[in-house]
Amino acid sequence: MVQGQVGVSWQITPIALTKAYTSPDRAAAKRAFDAMMTMRKIDIAVIEAAVRG
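When you read off a place in the sequence shown, starting at 1, and then add 1124, the result is the number in my numbering.
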């Protein structure tokens, strides 16, 4: 998370992450979301592996 000059915090979300946890395959989306929730820093390779099962 980044804090801007005016004190507003924001976070960049990679497109791969958004696609993974909004997938129409609900089981794959859940695996991706669950994997993401264990991370301090987003690791796209781990999320993609979770989507594949």
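Each residue gets a CB set at the ideal place from its N, CA and C atoms; glycine is no exception.
Arg-1176 sits in a helix when the DSSP states are folded into three classes. For Ile-1171 against Met-1161, the beta-carbon gap comes to about 11 Å, at or over 8 Å, which does not count as contact. Residue state for Arg-1164 is assigned as coil, using DSSP reduced to three classes. A Cβ-Cβ contact shorter than 7 Å links Ala-1174 with Arg-1155. Taken atom to atom, the span from the alpha-carbon of Ser-1147 to that of Phe-1157 is near 10 Å.
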